[in-house]
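Participant: Going down the list, the sequences are from chains Z, R, F and P.
Those letters in the first sequence? Residues 0 to 218, per numbering that gives the first Met the number 0, in order.
Those letters in the second sequence? Residues 0 to 218, per numbering that gives the first Met the number 0, in order.
Those letters in the third sequence? Residues 0 to 218, per numbering that gives the first Met the number 0, in order.
Those letters in the fourth sequence? Residues 0 to 218, per numbering that gives the first Met the number 0, in order.
For glycine and all other residues, C-beta sits at the position ideal for the given N, C-alpha and C.
Number of protein chains: 4
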Amino acid sequence: MAMARTATGKKTRVQRSEEVRDALFQAAAEVVGEYGYVDASITRITQRANLAQGTFYNYFASRQEIFDELLPVLGAKMLAHIRQQAGGARTFLEKEELSFRAFFSFLKRMPYFLRILNEAEIFAPKAHRQHFRNITASYLRFLQKARAAGEIADLSDDSLEPLIYMLVATRGYLALRYTNENGVVNLPEEAVTVYLQLLSNGLIAPSLVPINIEGRKEP
Amino acid sequence: MAMARTATGKKTRVQRSEEVRDALFQAAAEVVGEYGYVDASITRITQRANLAQGTFYNYFASRQEIFDELLPVLGAKMLAHIRQQAGGARTFLEKEELSFRAFFSFLKRMPYFLRILNEAEIFAPKAHRQHFRNITASYLRFLQKARAAGEIADLSDDSLEPLIYMLVATRGYLALRYTNENGVVNLPEEAVTVYLQLLSNGLIAPSLVPINIEGRKEP
Amino acid sequence: MAMARTATGKKTRVQRSEEVRDALFQAAAEVVGEYGYVDASITRITQRANLAQGTFYNYFASRQEIFDELLPVLGAKMLAHIRQQAGGARTFLEKEELSFRAFFSFLKRMPYFLRILNEAEIFAPKAHRQHFRNITASYLRFLQKARAAGEIADLSDDSLEPLIYMLVATRGYLALRYTNENGVVNLPEEAVTVYLQLLSNGLIAPSLVPINIEGRKEP
Amino acid sequence: MAMARTATGKKTRVQRSEEVRDALFQAAAEVVGEYGYVDASITRITQRANLAQGTFYNYFASRQEIFDELLPVLGAKMLAHIRQQAGGARTFLEKEELSFRAFFSFLKRMPYFLRILNEAEIFAPKAHRQHFRNITASYLRFLQKARAAGEIADLSDDSLEPLIYMLVATRGYLALRYTNENGVVNLPEEAVTVYLQLLSNGLIAPSLVPINIEGRKEP
DNA sequence: AATGAATGAGGATTCATTCAT
DNA sequence: TATGAATGAATCCTCATTCAT
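1. Taking all protein chains shown into account, do 16 or more other C-beta atoms lie within 10 angstroms of the C-beta of T42/F, making it buried, or fewer, making it exposed?
2. Shorter than 8 Å from the beta carbon of V31/P to some beta carbon of chain F?
3. Just verifying my parser: in three-state terms, what is the DSSP assignment at V19/Z?
4. If you reduce the DSSP assignment to three classes, tell me which class V193/F lands in.
5. So with CB distances below 9 Å, who are the chain F contacts of G74/P?
6. Tell me the DSSP secondary structure of T11/F in three-state form.
7. In chain F, which residues lie less than 8 Å from G171/P when you measure between Cβ atoms?
8. Could you name each continuous alpha helix (DSSP H) segment of 4 residues or more that falls completely within the segment 110 to 156 of chain P, going from the start of the chain to the end?
9. From what residue to what residue does the alpha helix (DSSP H) around E180/P run?
10. Is the CB of S158/Z under 8 Å away from at least one CB in chain R?
11. Of all Cβ atoms in chain F, is any one closer than 8 Å to the Cβ of L113/P?
12. Confirm, please, whether the CB-CB distance from I134/P to L70/P is below 8 Å.
13. Closer than 8 Å by beta-carbon distance: list the chain R residues that pair up with T192/Z, in chain order.
14. Give the interface partners of L198/F over in chain P, defined as CB-CB distance under 9 Å, in chain order.
15. Could you give the residue range of the alpha helix (DSSP H) that holds G53/P?
16. Within its chain, find whatever has a CB closer than 7 Å to the CB of A28/Z; leave out the 5 residues flanking it on each side and keep chain order.
17. Please go through the segment 62 to 106 of chain F and give each complete alpha helix (DSSP H) segment of 4 or more residues, from N-terminal end onward.
18. Have a look at S104/Z, E64/Z, L23/Z and R62/Z and flag the residue whose alpha-carbon is nearest the alpha-carbon of Q46/Z.
19. Within 8 Å of any Cβ in chain F, is that where the Cβ of R15/P sits?
20. What distance in whole Å lies between the Cβ atoms of Y194/P and T169/P, which are believed to be in contact at a cut-off of 8 Å?
21. Spell out whether any CB of chain Z is found under 8 Å from the CB atom of E226/R.
22. Starting from the beta carbon of Y164/Z, find every residue of chain R whose beta carbon is closer than 9 Å, and list them in chain order.
23. To the nearest angstrom, how far is the alpha carbon of V31/P from that of G32/Z?
24. Taking CB distances under 8 Å as the criterion, tell me whether V183/Z reaches chain R.
25. Going by the beta-carbon positions, is the gap between S98/Z and A85/Z smaller than 8 Å?
26. Would you mind working out which of I151/P, A190/P and Q143/P sits nearest M165/F, comparing C-alpha positions?
27. For the alpha helix (DSSP H) containing I203/R, name the first residue and the last one.
28. Alpha carbons only, please: which of Y172/Z, A174/Z, Q143/Z and E150/Z is nearest the one belonging to S158/Z?
29. Which residue from A126/R, L162/R and Q25/R puts its Cα closest to that of F141/R?
30. Quick check: the Cα distance between L197/P and L173/P, rounded to an integer number of angstroms?
31. Cα separation between I212/F and F66/P?
32. Please report whether the beta-carbon of L50/Z lies at a distance below 8 Å from any beta-carbon of chain R.
33. Helix, strand or coil: which one does DSSP assign to S199/R?
34. How long is the line joining the alpha carbons of N57/R and F55/P, rounded to whole angstroms?
35. Once you ignore the five residues that flank T178/R on each side, which residues in its own chain have a CB closer than 7 Å to its CB?
36. Tell me which same chain residues have a C-beta within less than 6 Å of the C-beta of Q63/Z, skipping the five on either side of it?
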C-alpha cells in the first residue's frame, strides 16, 4: 500500500514521526522480551532503536508509559491471530483446540511476547488487568454461545468466570514450562491431547464415573 | 515449649541471633508481600525489623540471598499445610478437593505468600524452579497412585506432566484473580465446584459425550 | 589559538564535552594530590569540578578508570617538560643535571604530581608500571648513547638497568624528602651537587681510589 | 629461656595477654604484607589470629594504631639484622656492601616487610617518617665516621643528608623492582656491582675524569 | 579478658528524567 | 524534532567501632 508522500516524494512529518514511535515501541518490546522490564532501561531501548535517549521523551511521557502500552498492542495482535486461526472451526472442541494451538503458534512468531505478558502482571499491572479482561470477555461470549448451543454443560455465568481463568492460566503456564532457555516454546503433543481430554471427559476413570452424572446413561 | 535459657534466665546468644535472623526473614517476607521484590529495599526490610541496615549483612550475604530463601522456606510451609489438610481424604477427588481448598486457606493465613510466589519467577528464578519441581514431583506421585488404583484415566507419564502444570497453574491464577486490593483471597464457591466438575466430567454436555468414552454407558 | 565555534559564536557540544572531561580530570588530579587516592571520593572530585555526581559517569566508567588515567597523562607532561628543559645540553653530565633539575621544576609547577606518582604504585599499579617502563626505556637509550660516545663507564646493559632504577629512585625520594607539609618541593642546592658528584666521581676519597681503577692515573 | 609461670605451671595473665597481642601484631603484619593496608580489615586480621573481632580493641585503640606500630617494630628488627651482618666489616666500602646485601637478605627472611615499609609512607606516615629518621641518623653517623677517617670524600653535613636519601632510596626501589609477583626479592648480582661501582668511582668514563679531581692523578 | 552482634556513616554506582542547543 | 549531557535521588554494600554478655 503506497504511503502518502509530499510533492517531492519525501515522507510526511507525521509519517516520520510515526516511524520513530514505532521504532521505539518495537525496540522496547524486544528489549523487554530479552532482558525483562527491570533491565529494560531507556538507554537500552533507545540504543536498539538507534536514537538518542532524549528522543524517547518526545514520544512517551515516561518509561512506565511505554511499558503500559506494550501489552495492549501486542495482546490485540495475539487475539487477532487466534481469531483468524480458529475462525473456520465448527464445534466447540474444534474451536478450542484451534485457538489453543494458535496461542502457541503466536508465541513461535513473536517469542518476546510471553515474557512481556508474564512480567506485565508485575510491571504493568493496569495493562495486564485490561488485557486479561479482554481475553476473558471474548472467551465468555464464546462459552456462552457454546452453552446456548448445548455443546457444553449448563454452567452458570458465575461458574464460567473461574472456568475461563483456569483455561487461560493453563495456556500461560504451559507456555512458560515449555519455553527453553532460548525463549523458544516447544509444546509436546501430549499437552494438547490431555488439555482436550480434560475438557471433554475430565480425569475420572470411566468405571468410576460419579453417580450424579449417571443421567448421561439414559438418553 | 520452653526455650533453653542461661542460668540467669536470659536468652542465649544463639537464641538471640536466631530471633534476629527470623525477624529479618519475616520482615522481608512482609515487605516483599506488600511492595514486591523490586521495592523491597534493605532499608525497608531492616526498618520493619527495627534493626540497623548493617545488621542485615550479618545474616545474609546479599539482598538476593534473602530473596532466594523466601520461597523455599514458605513453600515448604505451604506444602506441609496442604498435606496436613488433605491427609484424611480417601478418594482421589476428595483429596484433590481438600488440597485445592488448603492452598487457598494457606493464602488466607499468609497473605503475602502469593506475591512472593508469583514474583519469584522473575526475581528468584532458581528458587522458583526448585519450588515448582517440588510441587510437581509431589503431585506426580499422587496422580500415579490414583492411576494405579484405577481412580483416574490411564494417562501416560508424559501426559501427566502437562496435566500437573495445568492444575498448578489453575490454583495460582485463581488465587491471583480472586485476591482483592488488600491482598485478601476470596475464592467463590463456584470456583471450587467448576474445578472439581472439570476434573470429574470435563465440560462437554452429556448429550454430546464423545463416542470414544461411550464405554461408560454400558456397565 | 582560536577554538572552533559554531556560527553563533557559542562553543560546540564537543568542546563543551571536552571541557567537562578536563574539569573532572583536573579536579581528580588535585583531589588525589591533596587527599590521596583513598580519600579521593567521587563526591569530592565532582564537587571540586562543580558538577553533579552522576556527571562523572558520563565521562569515566568508574573511579578506578580515572585513577588509571592520571599518571599516564601527567607522566607524559613530565617527560615532555624534562625533554624540553634538557634539550640544549651537550655532555652527559650537563644533560643529567638539566633533567634532574627539570624533574624538580616540574614538581614546582604541578605540586600534586608527586603524590599521584607515588601512590599510583599502590592504587594504579598498571599505570605505574607503564609509566615506569616509559621512563626506564627513555633513560636507557640516553645512557646507551653516552656509553657509545665513551662518556660514561663501559657498563653492560644488565648493569644499566639497576643503575637506572637507582637514579630514578633517587629523584623520587629526594622529592619526597624535600616536600614540605604544603606540598611544595624545596630541593637544596647541595642535593644537586652531591648527586652530580656521585655520578662523576663516586664517594671514595681521592687518596683511597681503589686499585682496580688505577688505570686512570696513567694516560 | 624458661617463661615465668604461676605456681600451678599455668601462664601468667600478663603472659597470656602478651601472647594475644603478639598474635594480633603478627597477623596484622602478614595481612598487610599480603593484601596491603587498604585491605587489611580488622576482620581479616582477627581471623588470621583466630580471635574475635572485638578482641582487637582490647589491645589496640584503633586500626590505625596497629598500623602505626608495624613499621617501628619491624624496622628495628631490620636495623638489628643489618648491624649484625655488617658488624665485621673494616673499610667503608666493605661495610656498605655488607649492609646493602643485608637489607636484601632481611627481605628474604621477612617477605612482608617490603610492602609494609612501602605503603607505610601512605598509610602510616608518622611511623614512616620516624623509621626514616632512624635509618638516616644511623647512616649519618656511619658516614661521618668514614669521613673523619678520610675514607670518603670530604662532604659537608648538608651534603651527607641528601646523599643518604639517595642511598636509602636506591635500596628500596631496587627491592621493589626485583620483587616478583610472589613477593620474593631476587636481586641480580649486577645490581650490587653497579651500586658499589657508583659509590667508588661514579659513572664517568676514566678518560673523561673531570678536571676538578685531577688531583687524584698526581700524588 | 573474650566474644561477636549491632550500628550507621560513607562510598560507588545506576538511571529516569530534564533541558539547552 | 533530535540530541545527549547534566542531574541527583536512590540503593546496595563495607567496615571500623561500640557494647552487652
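Facilitator: This is what the structure holds:
1. Using a 10 angstroms sphere on the CB of T42/F, the tally of other CB atoms stays under 16, which defines it as exposed.
2. False, the Cβ-Cβ gap to chain F never drops below 8 Å.
3. It is helical.
4. In this structure, V193/F counts as helix in the three-state DSSP scheme.
5. The contacting residues do not exist; G74/P stays about 16 Å from chain F at best.
6. In the structure shown, T11/F sits in coil (DSSP, three-state: anything other than H, G, I, E or B).
7. Neighbours of G171/P on chain F, chain order: A168 and Y172.
8. You should have 111 to 122 and 124 to 147.
9. Per DSSP, E180/P belongs to no alpha helix (DSSP H) and is neither H nor E.
10. Cβ-Cβ to chain R under 8 Å: yes for S158/Z.
11. Not closer than 8 Å to any Cβ of chain F, the Cβ of L113/P fails to qualify, so no.
12. No, they are not a contact pair.
13. Ordered by position in chain R, the residues that pass the 8 Å Cβ test against T192/Z are S158.
14. Under the 9 Å cutoff, chain P gives L197, G201, L202 and I203.
15. Taken as a continuous stretch (DSSP letters only), the alpha helix (DSSP H) holding G53/P covers Q52 to Y58.
16. The beta carbon of A28/Z lies closer than 7 Å to those of L69, L73, Y111 and I115 in the same chain, with the five residues before and after it left out.
17. You should have 62 to 85.
18. Nearest in C-alpha terms to Q46/Z, of all of S104/Z, E64/Z, L23/Z and R62/Z, is L23/Z.
19. Put simply, the CB of R15/P is far from chain F, with every gap to its CB atoms at 8 Å or more.
20. Contact holds; Cβ gap of about 7 Å.
21. What is shown of chain R runs 0 to 218, which leaves residue 226/R out entirely.
22. Ordered by position in chain R, the residues that pass the 9 Å Cβ test against Y164/Z are T169, Y172, L173, L175, R176, Y177 and A190.
23. So the two alpha carbons sit approximately 48 Å from each other.
24. For V183/Z, the answer is no, since every Cβ of chain R falls outside 8 Å of its Cβ.
25. Their beta carbons are under 8 Å apart, which means S98/Z touches A85/Z by this criterion.
26. Closest by alpha carbon: A190/P.
27. For I203/R, no alpha helix (DSSP H) segment is defined, and its DSSP state is neither H nor E.
28. With distances taken between Cα atoms, S158/Z lies closest to Q143/Z.
29. Checked all of A126/R, L162/R and Q25/R; the closest Cα to F141/R is L162/R.
30. When rounded, the distance between both Cα atoms is 15 Å.
31. Because the pLDDT of I212/F is 42, which lies under 50, any placement of that residue in the model is unreliable, and the number read from its coordinates should be weighed accordingly. One C-alpha to the other measures close to 47 Å.
32. The beta-carbon of L50/Z is placed no less than 8 Å from the nearest beta-carbon of chain R.
33. It is helical.
34. The straight-line gap from Cα to Cα measures roughly 19 Å.
35. Exclusion of the five residues before and after T178/R leaves L113 and V184 as the residues of its chain whose Cβ lies within less than 7 Å of its Cβ.
36. Excluding positions up to five away in sequence, the list is empty.
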